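Have a look at the structure below, then the notes.
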Amino acid sequence: MKNNIQPKLFTLFKSKSVELRNRQKQHFARENISIASSTIEDWVKQALERLEPLYEQLRFDIKAKGYLQVDETSIKVLESDKKGAAHSGWYWVYHSPLDGLVLMDYQPHGALQK
Numbered sequence: 009m010k011n012n013i014q015p016k017l018f019t020l021f022k023s024k025s026v027e028l029r030n031r032q033k034q035h036f037a038r039e040n041i042s043i044a045s046s047t048i049e050d051w052v053k054q055a056l057e058r059l060e061p062l063y064e065q066l067r068f069d070i071k072a073k074g075y076l077q078v079d080e081t082s083i084k085v086l087e088s089d090k091k092g093a094a095h096s097g098w099y100w101v102y103h104s105p106l107d108g109l110v111l112m113d114y115q116p117h118g119a120l121q122k
């Protein structure tokens, strides 16, 4: 198992993890359970580390298909170290219509990585 998960997979879920973490904290608070945000974020990171091999296998399988539909979409990504600063990132969506596989892949730049 990798010590550090792939940045693209963590980034893919990071934007939603803050919202989910806050919701989870509210749920715990209603049950009078106090859990630090950092603990919940560690849980998310550990879950993503365990999902990484499945993601990589899906990525390999879908890119090996003979026919793909691919779309790229630019998105604004907030900088974690500079409040309010953002850069452009890219979501690549791969669809294999013959078997229905779909993969969303985040890249920090527009160039498609093999």
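The end of the sequence shown is residue 122 by our numbering, with every number in the run present.
We treat Cβ as the ideally placed atom computed from N, Cα and C, and that holds for glycine.
Bear in mind the structure is a predicted one, so any value in this text is a computation, not a measurement.
Three-way DSSP call (helix, strand, coil) for residue i in this model
| i | result |
| --- | --- |
| D107 | coil |
| A55 | helix |
| L28 | helix |
| H35 | helix |
| I48 | helix |
| I41 | coil |
| N73 | The identity of residue 73 in the sequence shown is Lys, whereas the question assumes Asn. Three-state DSSP puts K73 in coil, outside helix and strand. |
Beta bridge counterpart(s) of residue i as assigned by DSSP
| i | result |
| --- | --- |
| V85 | H95 |
| V101 | D79 and M112 |
Proximity to residue i [Cα-Cα], best of the options
| i | options | result |
| --- | --- | --- |
| S104 | R58, A94, K71 and K91 | K71 |
| D107 | G97, L56, G74 and Y99 | G74 |
| A123 | E49, S82 and W100 | Here the chain has residues from 9 to 122 only, and residue 123 is not among them. |
| Y114 | K90, R67 and S88 | R67 |
| E6 | S96, E80 and D79 | Outside the displayed span of the chain (9 to 122) sits residue 6, for which this structure offers no information. |
| V52 | N40, E27 and P116 | E27 |
| E64 | G92, Q77 and M112 | M112 |
| V101 | K84, L109 and D79 | D79 |
Check your understanding: Can we say the region 29-38 touches the region 47-61, given the rule of at least three CB pairs closer than 8 angstroms?
Key -> Under the 8 angstroms Cβ criterion, the region 29-38 counts as touching the region 47-61, having at least three qualifying pairs.
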